[in-house]
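Numbering (this note's numbering), first residue to last: 1 to 132.
One structure is given below, encoded as structure tokens.
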């Protein structure tokens with residue numbers, strides 16, 4: 001793993017409108033109307049994360065990558081529930097690295113050296129995962 005970055009911006013739960021419910025007070029004279037109204041601090045939504053991986057040159061056609069949703073194996077303690085997006089790049093301009101999301105936590109690879117599809121080459125391939 002090259003990196004694991006937590007991404008967070010704005011309200012953590014777009015369906016919850018209690019954060020802008022307003023306060024019981026008048027302005028000027030009190031700042032109560034401007035205080036946050038979030039009452040559920042326990043069940044906040046999970047922040048997305050960006051994970052960067054360098055793939056092994058041993059990766060071949062049909063291999064899979066399975067991520068764990070075990071919170072004890074996650075530095076943030078939340079586990080991973082789904083892969084939201086995948087970006088790939090490789091050093092060899094003639095190579096083709098395709099990735100298919102086959103379930104919430106599993107990726108299957110389609111690896112070709114060139115357009116003729118005769119051999120595999122993942123030397124220097126990078127994989128960026130957006131997960132939550």
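Glycine residues also receive a C-beta, built at the ideal position from the N, C-alpha and C atoms.
Close-in-space but distant-in-sequence residues of the same chain around residue i (CB under 6 Å, 5 per side omitted)
i, result
"residue 67", "80 and 105"
"residue 100", "108"
"residue 5", "50"
"residue 52", "2, 3 and 128"
"residue 96", "112"
"residue 102", "108"
Cutoff 8 Å; reference residue i; Cβ partners in own chain excluding five residues on either side
i, result
"residue 82", "104, 105, 131 and 132"
Spatial distance of residue i from residue j (CA atoms)
i, j, result
"residue 92", "residue 58", "15 Å"
"residue 65", "residue 94", "23 Å"
"residue 63", "residue 56", "11 Å"
"residue 86", "residue 98", "10 Å"
"residue 69", "residue 88", "22 Å"
Short Cβ contact (8 Å threshold) for residue i with residue j
i, j, result
"residue 7", "residue 47", "yes"
Sequence-distant residues of its chain with Cβ nearer than 7 Å to residue i (five each side left out)
i, result
"residue 134", "What the structure shows of the chain is the stretch from 1 to 132, and residue 134 is not part of that stretch, so it cannot be assessed."
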